[in-house]
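In full-length UniProt numbering, the protein residues as written are 1 to 354.
Okay, so here's the structure we're looking at.
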């Protein structure tokens, strides 16, 4: 897998050099763009009208208090059979027995609460600029906020894990979405000078014993190696796995940040500008073609593992990608109940229009 260096917009680098009050890796967005703050507002609105689907198609796991497919509860029927010698009398369902004319044993599912572990790559390459003008870590953070908002609404247990070449830090907390956002934002106010360490994050994931735990890994679109994909295959055998991939600028685009056509690109490590003669359509197309191929290959491999991939180069795009994925799964689940389907569509339209 070919590795690309990471790049900042020249304005982002200048802001860092000037020591501005805003985040040293941020680029001011134009009024026409949907800012990260606006996406956060949308997430809060959507979290009150959507929940993670009750099918595996969306995130690969059921969150909140949900049917566990385990016997011994008082919810949905799992099995109905005739009473046999040795069965407990308390397992007899007398209403079903009356209809059947003989004692019938009923086994029902029991509810369990879900757990989500959100792994965020906070290595230096995640400070790279996206075509939207946002740093990659901001887009990844908003994706995690979306997943956390839906999980917390259903009282799931959520843990944040940050990893770079210097350390790996787990930050469990108990609270709602505002507290999650504060915890996340405080953790992102950091020194972005350390390299990444995806291996440490994956090693942490491998050690999780709860097989029903949703594992979410957020990083950029050219971070994963073949060896790490092999590790993901191992993880996906025992856990639902969800990958958030953030697209960064194409350094050879004439206008890498479309909203700021006058902004150039600098190397993320040396700070050197990309020479003007290298910024042309031919080179940009080659990089775009390569990245598209690698993304498709990543999608193919993760799908074969039973894992899920979402990719976007902006917070707005990530928001709509996740909403569409969850909505499709909800509608699939509601297809057998037309009134539920109409209700889901109505809530979706109201949430997005806001």
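Every residue, glycine too, gets a C-beta built ideally from N, C-alpha and C.
Using DSSP with H/G/I as helix, E/B as strand and the rest coil, what is residue 263? Taking the first residue of the chain shown as 1, we reach residue 263 at position 263. The answer is coil: DSSP assigns residue 263 none of H, G, I, E or B.
From what residue to what residue does the beta strand (DSSP E) around residue 304 run? Within the chain shown, numbered from 1, the residue matching residue 304 stands at position 304. Per DSSP, residue 304 belongs to no beta strand (DSSP E); it is in the alpha helix (DSSP H), 281–305.
May I have a chain-ordered list of the beta strand (DSSP E) segments no shorter than 3 residues that lie completely inside the segment 160–213? 168–172
Quick check: the segment 286–303 against the segment 248–263, are there 3 or more CB pairs under 8 Å? Short answer: they touch.
DSSP three-state label for residue 22, please. Here residue 22 refers to the residue found at position 22 when the chain shown is read from its first residue. Residue confidence for residue 22 is low, a pLDDT of 38 falling below 50, so the modelled location carries little weight and cannot support an answer.
If we ignore side chains and look at the alpha-carbon of each, how far apart do residue 281 and residue 256 end up? Translated into positions along the chain shown, residue 281 becomes position 281. Translated into positions along the chain shown, residue 256 becomes position 256. Spanning the two alpha carbons is a distance of roughly 11 Å.
Which same chain residues, not among the five before or five after residue 92, have their C-beta less than 8 Å away from its C-beta? Taking the chain shown and counting its residues from 1, the one referred to as residue 92 is at position 92. Contacts found: 83, 103, 104, 105 and 106.
Per DSSP, what kind of secondary structure is residue 224 in: helix, strand or coil? By 1-based counting over the chain shown, the position of residue 224 is 224. Three-state result, residue 224: coil.
Distance, residue 96 Cα to residue 132 Cα: Along the chain shown, read from residue 1 onward, the residue named residue 132 stands at position 132. Along the chain shown, read from residue 1 onward, the residue named residue 96 stands at position 96. Each residue's Cα considered, the two are about 60 Å apart.
Please confirm whether residue 124 and residue 195 have their CB atoms less than 7 Å apart. Counting from one through the chain shown, the residue named residue 124 turns up at place 124. Counting from one through the chain shown, the residue named residue 195 turns up at place 195. Cβ distance < 7 Å, so residue 124 and residue 195 count as in contact.
Should the segment 174–192 be called in touch with the segment 204–223, which here means at least 3 C-beta pairs below 8 Å? no
Considering Cα atoms alone, identify which of 312, 325, 233 and 186 is closest to residue 215. Along the chain shown, read from residue 1 onward, the residue named residue 215 stands at position 215. With distances taken between Cα atoms, residue 215 lies closest to 233.
Which residue's Cα is closest to the Cα of residue 243: 184, 144, 327 and 269? Locating residue 243 in the chain shown gives position 243, where the first residue counts as 1. Out of 184, 144, 327 and 269, 144 has the C-alpha closest to the C-alpha of residue 243.
Using only the alpha-carbon positions, how far apart do residue 340 and residue 128 sit? As a first step, residue 340 is located in the chain shown; it is residue number 340 there, counting from the start. As a first step, residue 128 is located in the chain shown; it is residue number 128 there, counting from the start. Note that residue 340 scores 44 on pLDDT, short of 50, meaning its location in the model is unreliable; the coordinates nonetheless yield the value given after this. A straight-line Cα-Cα distance of about 42 Å links residue 340 and residue 128.
Residue 243 - containing beta strand (DSSP E), residue span: Reading the chain shown from its first residue, position 243 is the one you call residue 243. Counting along the chain, the beta strand (DSSP E) containing residue 243 begins and ends at 241–246.
Taking the alpha carbon of residue 313 as the point to measure from, which residue in 246, 41, 277 and 184 has its own alpha carbon closest? For the purposes of this step, residue 313 is taken as residue 313 along the chain shown, with counting starting at 1. Out of 246, 41, 277 and 184, 246 has the C-alpha closest to the C-alpha of residue 313.
By Cβ distance below 7 Å, which residues in the same chain neighbour residue 210 in space, the five residues on each side in sequence not counted? Here residue 210 is taken as the residue at index 210 of the chain shown, counted from 1. 115.
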